[in-house]
Amino acid sequence: MGYTCLMLLSLLLAAATPMAAIEAADPNCAYDRDAMLALDFQTFDQDPNGGWRALANEGCYIEAAELIREWRYVNRSNRSTLFLHEGQMRAFAGQTMEAVELFQVSYKSPIINAESGFNHYVDATIFFLVQDRELFDSALESLAATPVPEESGIALEEGGEWPPNIRVVRAMERCWERSYLEAYMSPQCYPHLDENQAAD
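In this text, residue positions in the sequence shown follow my numbering: the first is 1394, and each later residue adds one.
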């Protein structure tokens, strides 16, 4: 069956769902499916208290991952950010290989990578998940070497860090033998920060 047929089948099944509210074993993981799928990208993905993040904030990582996946299909979106965030949710839930596969399709263009080191961040995340320390260290070194773009106008505050996500990768380095969820979230992996600053 071709990709187009699979897409149409997915959309038909989604439309045939008899209830708008998705029920879950944990009441905190229930949500209004139709309302979620109708959100625009910015609201669905970037609102810290809305969209899929409302589920993640409750620890509903599998539900958040499934919602992101369905939103991608229904809205026909191939934004790399969505693959990254679904991968993070699956990694939080312990679905390591599924997460790795999603991270592998979340890379950005060489231009964006040169400006932010994003692909080095993705590499470091993958190598943390598969516990390859040599490749992780190499990715961290490449990320740390990413220069601030000369014409970006970015001004780092005192104590600020560049590039984006270096803080998270340093936490993975510090908590190498812990789970991805712990490395990403635990204040113990960010000893120089208070609890509210742990993860970006």
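Backbone N, C-alpha and C fix where the C-beta goes; we use that ideal spot for every residue, glycine too.
Cβ-based burial, residue i [other Cβ within 10 Å; buried from 16]
{"i": "residue 1526", "result": "exposed"}
{"i": "residue 1481", "result": "buried"}
{"i": "residue 1518", "result": "buried"}
{"i": "residue 1479", "result": "buried"}
{"i": "residue 1523", "result": "exposed"}
{"i": "residue 1469", "result": "exposed"}
{"i": "residue 1595", "result": "Since the first and last residues shown for the chain are 1394 and 1593, residue 1595 lies out of range."}
{"i": "residue 1487", "result": "exposed"}
Residue i - containing alpha helix (DSSP H), residue span
{"i": "residue 1452", "result": "No alpha helix (DSSP H) holds residue 1452; DSSP gives it neither H nor E."}
{"i": "residue 1427", "result": "1426-1430"}
{"i": "residue 1518", "result": "1511-1522"}
{"i": "residue 1502", "result": "That residue, residue 1502, is in no alpha helix (DSSP H); it is neither H nor E in DSSP."}
{"i": "residue 1488", "result": "Premise fails: residue 1488 is in no alpha helix (DSSP H) and is neither H nor E."}
{"i": "residue 1530", "result": "1526-1537"}
{"i": "residue 1560", "result": "1559-1567"}
{"i": "residue 1575", "result": "1573-1578"}
Cβ neighbours of residue i in the same chain (closer than 7 Å, five flanking residues each side left out)
{"i": "residue 1430", "result": "1463, 1464 and 1467"}
{"i": "residue 1556", "result": "1509, 1510, 1536 and 1539"}
{"i": "residue 1494", "result": "none"}
{"i": "residue 1440", "result": "1446"}
{"i": "residue 1451", "result": "1421 and 1422"}
{"i": "residue 1419", "result": "1453"}
{"i": "residue 1559", "result": "1536 and 1537"}
{"i": "residue 1554", "result": "1560"}
{"i": "residue 1436", "result": "1443 and 1444"}
8 Å contact criterion, which residue i and residue j should meet: CB distance rounded
{"i": "residue 1501", "j": "residue 1511", "result": "5 Å"}
{"i": "residue 1492", "j": "residue 1516", "result": "That belief does not hold up - the Cβ atoms of residue 1492 and residue 1516 are roughly 14 Å apart, past 8 Å."}
Among the options, the one whose alpha carbon lies nearest that of residue i
{"i": "residue 1504", "options": "1561, 1460 and 1542", "result": "1542"}
{"i": "residue 1498", "options": "1528, 1554, 1472 and 1428", "result": "1472"}
{"i": "residue 1425", "options": "1441, 1456, 1452 and 1440", "result": "1456"}
{"i": "residue 1475", "options": "1574, 1490, 1487 and 1496", "result": "1496"}
{"i": "residue 1434", "options": "1558, 1487, 1574 and 1460", "result": "1460"}
{"i": "residue 1574", "options": "1419, 1454, 1432 and 1584", "result": "1454"}
Other residues of its chain near residue i: CB distance less than 6 Å, five sequence neighbours each side excluded
{"i": "residue 1565", "result": "1521 and 1576"}
{"i": "residue 1567", "result": "1582"}
{"i": "residue 1458", "result": "1479, 1482 and 1483"}
{"i": "residue 1449", "result": "1457"}
{"i": "residue 1489", "result": "1522"}
{"i": "residue 1550", "result": "Interpretation of residue 1550 is limited by its pLDDT of 47, a score under 50 that renders its predicted location unreliable; the figure taken from the coordinates is listed afterwards. So the list is empty, once near-sequence residues are dropped."}
Neighbourhood of residue i by C-beta distance below 8 Å, restricted to the same chain and skipping five residues each side
{"i": "residue 1506", "result": "1500, 1512 and 1513"}
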